[in-house]
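Comments concern the structure below.
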Amino acid sequence: MPAAGLPGRPPAGRVEASVRPREGDPMNVAVHDRGPVAVTVELDGELDLARVPELERVLERVRPVPPVLVVDLSDVTSADAAGAGFLGLLAGEAEARGTCLRVWGARPPVARVLRLLGLGGLLVGAAP
């Protein structure tokens, strides 16, 4: 995660950042502060190369860096190597900052891409 960002943290449960799709845009992103311990990033749609820049913009606003960062993929319909690779880079950056990153609710096709890239250790929970 880039170093620039918002100072402080809003009250628990407040949406810190959100990206809504433009016409034909296949992904939504919402960031929810869950208190002093965790932040949840909810993705909806496709996790691919075209979405990585928006994810970077949204995630750079997550400050201060939480002890736990959960990326909820339960509404992600597909992922390519670039989108999954971004999660791998994010995991490395999170670890360097002392943050535990976990990926929640990945559907089987998305989980398969993550596992093929050696990122299966990030997965917790499973989508139906």
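Throughout the sequence shown, residue numbering follows the working numbering, covering 148 to 275 in sequence. Glycine is no exception: its CB is placed at the ideal position from the N, C-alpha and C atoms.
Taking 8 Å as the cut-off, the Cβ atoms of Leu234 and Leu261 count as close. For Pro256, the CB contacts under 7 Å within the same chain, skipping 5 residues up- and downstream, are Ser225 in chain order. Apart from the 5 residues on each side of it in sequence, Gly265 sits with its Cβ closer than 8 Å to the Cβ of Gly235 in its chain, given in chain order. A Cβ-Cβ distance of about 4 Å is found for the pair Ala229 and Leu196, placing them in contact under the 8 Å criterion. For Ala253, the three-state secondary structure derived from DSSP is coil. For the pair Leu194 and Asp180, the Cα-to-Cα distance works out to about 22 Å. If you draw a 10 Å sphere on the C-beta of Val271, you find fewer than 16 other C-beta atoms in it, and that means exposed.
Judged by beta-carbon spacing, Pro213 lies beyond the 8 Å limit of Ala231, meaning their Cβ atoms are not closer than that value. Rounded to whole angstroms, Ala238 and Leu202 show a C-alpha spacing of 14 Å.
Secondary structure at Val260: helix, using DSSP grouped into helix, strand and coil. The Cβ atoms of Val218 and Val176 lie no closer than 8 Å to each other. Taken atom to atom, the span from the alpha-carbon of Met174 to that of Leu248 is near 21 Å. DSSP places Ala197 in the coil class of the three-state scheme, outside both helix and strand.
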